[in-house]
Amino acid sequence: MMNIKKYRATTTREALEKIKNDLGENALVLETRQVRTGGFLGLGSGIQIEVSAAAPENLLNAKPAPQKKSDVHSNRILNLTDESVAAPPVFNPVNSTRHNIMAALSARATGTNGFEKEAPKTARILKSDEIAFSPKIEAVEISPEAPRVVHPRRELPKSNLTAAETPAAPVEPGPGGYTNRELELLRAELREIKFSVNSMTGRQTNNFWQKDVNFDLLDEIFESPFYETYMELTEAGVSAELARSFISDIIPQFRDKNLDPARLSETTLFRAISSTVKFTPDFLRLEKPTVMALIGATGVGKTTTIAKLAARAALQEHRRVELVTLDTYRIAAVEQLKTYAEIIGAGCHVVRSVLELDSVLRRLSPDAIVLIDTTGKNPHDLADQYELSDYLRQRPEIRKCLAVQATTHPLDAVAGIRKFEMYGADSLILTKLDETLRPGAILEVIGDCAQPVAYLCNGQRVPEDMQTATPETLTNRILGNY
């Protein structure tokens with residue numbers, strides 16, 4: 010049998026190092042899996058990597074183990090033929106080892122796929138007393154009722170065959186003396202180990218060069234002062250590929266200018282935002298009547314944002330404001346909005362259906378700014394919102410602003426924006442910019458969106474913690490210049 014050992018370590022690399030030190034560089038990896046170790050009743054336990062490996066080199070150099078007298082007689086009897094009675098049995102460690110390794114790998118592969126069942130290793134067992142006292146045996150007779158032995162098919166070069174050997178099937182060894190079957194199994198094992206390592210370390214295949222990057226300028230990106238700019242952008246949350254793309258655009262113009270890295274970062278980000286992000290004017294300053302509905306997921310800060318917009322319109326723009334809320338699921342939200350309305354002298358209306366909403370909008374003064382607070386919903390569960398979404402989508406005179414919080418992962422934020430497109434969202438409001446250490450990550454969201462950005466919210470104060478979105482205000486917010 011093969012000398013199979015199991016090694017455990019915290020990482021696959023450590024386990025492979027142990028195997029290399031113990032069994033040598035030619036050790037054969039058979040299996041890799043995760044095991045839970047330590048702890049009590051599942052508490053405090055940890056995950057380790059267990060790797061099973063074989064030592065073919067040890068088997069090749071090993072001497073045959075001493076055998077009992079009866080075993081010696083058995084081996085002689087089973088190897089005797091009419092032409093080799095006088096010759097002692099010859100032990101070929103190379104063929105034996107290769108046969109054992111291939112048999113183990115083939116059995117593992119066929120057992121997994123279900124093509125073959127493992128056969129008994131011997132067709133017949135002879136009693137030791139029968140062997141010891143037999144005066145002369147010319148041939149070993151195997152009973153026809155004995156189970157049939159199924160061995161993996163092997164091919165051997167004809168030059169290695171002797172008159173007493175009969176191959177099961179012809180074979181052609183590949184590079185390094187391994188058969189094609191063995192090489193295929195080894196490649197499969199290597200692919201499995203690579204996949205396991207990638208999964209455990211959380212590696213992902215990213216398209217780092219998907220953006221437009223000038224490859225001729227890559228070396229200069231990592232030289233001063235561009236490298237300092239690259240580091241500042243990535244530390245602010247801008248992805249590595251976006252940072253490389255932004256810097257490669259400004260290198261030709263600023264290559265020979267001795268600029269301060271901080272100033273260069275502002276210039277780089279400002280230019281990139283101006284060319285990739287869309288913005289919309291402050292609709293609170295428009296003279297024509299305005300009706301705006303704020304939509305978004307649960308907990309993104311819609312009610313607080315409505316209060317900021319209302320206070321800004323009433324106190325700074327001196328406009329008449331009417332607040333309408335559909336968020337009747339949260340009593341606190343209704344009371345909060347009523348309190349804000351009393352403070353700024355605005356009207357507050359609570360509606361429970363689309364019909365009531367339409368009725369209230371028809372009664373309100375055409376000169377007022379109407380702000381509608383909708384119910385927060387899970388973006389992946391909007392089945393009960395078709396009536397409201399159809400109503401808003403069919404009313405182009407109503408602005409639909411989607412609140413997107415900056416703390417959301419870019420992939421989730423993009424998915425949410427796509428879901429809320431059923432409302433006909435035509436602009437974005439970025440909320441909770443003060444609650445993230447990496448505000449630059451929002452560029453991956455808004456850079457590819459069709460909707461322009463209207464406002465930036467960065468705190469709980471009403472109405473101070475809200476700004477009109479522009480390339481300058483967004484640049485300062487990402488770099489912390491405020």
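With our numbering applied, the sequence shown covers 10 to 491.
The beta carbon of each residue, even a glycine, is placed where N, CA and C say it ideally should be.
Quick caveat: nothing in here was measured; it's all calculated off a predicted structure.
Nonlocal neighbours in the same chain, by C-beta distance under 6 Å from residue i, ignoring five residues either side
i, result
"Leu-380", "Met-301, Ile-315, Leu-318, Ala-319, Leu-332"
"Thr-416", "Lys-441, Glu-444, Thr-445"
"Glu-396", "Val-363"
"Pro-405", "none"
"Tyr-16", "Ala-24, Lys-27, Ile-28, Val-60"
"Leu-420", "none"
"Val-44", "Gln-57, Glu-59"
"Gly-246", "Arg-447, Pro-448, Gly-449, Ala-450"
"Gly-354", "none"
"Thr-299", "Phe-292, Ile-378"
"Arg-22", "none"
"Arg-402", "Gly-433"
Cutoff 7 Å; reference residue i; Cβ partners in own chain excluding five residues on either side
i, result
"Tyr-338", "Thr-384"
"Asp-291", "Thr-477"
"Arg-486", "Leu-442, Pro-448, Leu-465, Asn-467"
"Ala-422", "Val-413, Val-454"
"Ala-322", "Leu-293, Arg-328, Val-330, Ile-378"
"Lys-386", "Ala-306, Thr-307, Gln-394"
"Thr-243", "Ala-249, Ala-252"
"Ile-282", "Pro-480, Leu-483, Thr-484"
"Arg-117", "Interpretation of Arg-117 is limited by its pLDDT of 46, a score under 50 that renders its predicted location unreliable; the figure taken from the coordinates is listed afterwards. Once the five neighbours on either side are set aside, Arg-117 has no close Cβ partner at all."
"Val-359", "Thr-334, Thr-337, Val-343"
Nearest residue (CA-CA) to residue i, options the options
i, options, result
"His-327", "Leu-273, Ser-254, Leu-295", "Leu-295"
"His-488", "Glu-473, Val-471, Pro-461, Ile-451", "Residue identity check: residue 488 is Leu in the sequence provided, not His. Considering only alpha carbons, the answer is Ile-451."
"Gly-38", "Val-44, Pro-472, Leu-25, Asn-30", "Checking the sequence, you will find Val at residue 38 rather than Gly. Minimum Cα distance to Val-38 is reached at Leu-25."
"Gly-433", "Phe-279, Gly-305, Ser-368", "Gly-305"
"Thr-238", "Val-309, Leu-273, Phe-263", "Leu-273"
"Lys-409", "Lys-311, Pro-234, Ile-353", "Lys-311"
"Val-343", "Asp-367, Leu-401, Asp-399, Thr-313", "Thr-313"
"Pro-375", "Met-475, Asn-12, Lys-297", "Lys-297"
"Glu-34", "Ala-63, Arg-361, Thr-21", "Ala-63"
"Thr-289", "Thr-21, Asn-30, Leu-335, Pro-480", "Pro-480"
"Gly-308", "Gln-43, Asp-382, Lys-287", "Asp-382"
"Ser-284", "His-358, Gly-456, Ile-56, Gln-460", "Gly-456"
"Glu-232", "Leu-373, Gly-354, Arg-253", "Arg-253"
"Ala-463", "Leu-483, Gln-345, Val-471", "Leu-483"
"His-418", "Val-44, Ser-248, Ile-407", "Ser-248"
"Ile-340", "Arg-361, Ala-245, Ala-281", "Arg-361"
"Ser-368", "Tyr-400, Glu-351, Ala-350", "Tyr-400"
"Tyr-349", "Lys-14, Arg-470, Thr-46", "Arg-470"
Contacts around residue i, its chain only, beta-carbon distance under 8 Å, and the 5 residues preceding and following it disregarded
i, result
"Pro-388", "Ala-306, Ala-424, Gly-425, Lys-428, Phe-429"
"Ala-74", "Below a pLDDT of 50, predicted positions are generally treated as unreliable, and Ala-74, at 48, falls in that range; no measurement from the model is reported."
"Asp-474", "Lys-317, Asp-443, Cys-466, Asn-467, Gly-468"
"Gln-460", "Lys-287, Leu-411, Ile-426, Ala-434, Asp-435, Ser-436, Leu-437"
"Pro-270", "Ser-233, Pro-234, Glu-237, Thr-238, Glu-241"
"Asn-490", "Glu-275, Thr-484"
"Arg-280", "Phe-255, Asp-258, Ile-259"
8 Å Cβ cutoff, residue i in contact with chain D
i, result
"Leu-332", "Note that chain D does not occur in the displayed structure, where there is just one protein chain."
Cβ-Cβ separation, residue j to residue i (assumed contact under 8 Å), whole Å
i, j, result
"Ala-278", "Pro-234", "According to the sequence provided, residue 278 is Leu. The question's Ala does not apply to it. Leu-278 to Pro-234, Cβ: 14 Å. No contact."
"Leu-303", "Leu-335", "Going by Cβ atoms, the distance from Leu-303 to Leu-335 rounds to 10 Å, so no, they are not a contact pair."
"Ala-18", "Lys-29", "About 12 Å; that fails the 8 Å criterion."
"Thr-20", "Ile-56", "About 11 Å; that fails the 8 Å criterion."
"Leu-324", "Pro-472", "7 Å"
"Leu-346", "Cys-357", "6 Å"
Which parts of the segment 304-336 are runs of the alpha helix (DSSP H), unbroken and 4 residues or longer, counting only runs that do not cross its ends? 311-320
So, does the segment 255-268 touch the segment 419-436, judging by three or more C-beta pairs under 8 Å? no
Could you give the uninterrupted runs of the alpha helix (DSSP H) lying entirely in the segment 394-426, keeping only those of 4 residues or more? 395-402
Enumerate, from N- to C-terminal direction, the unbroken beta strand (DSSP E) stretches of 3 or more residues contained entirely within the segment 343-369. 356-359
Contiguous alpha helix (DSSP H) assignments of at least 4 residues, all confined to the segment 249-302: 249-263, 270-285
In chain order, which beta strand (DSSP E) runs of at least 3 residues are fully inside the segment 10-46? 13-18, 37-46
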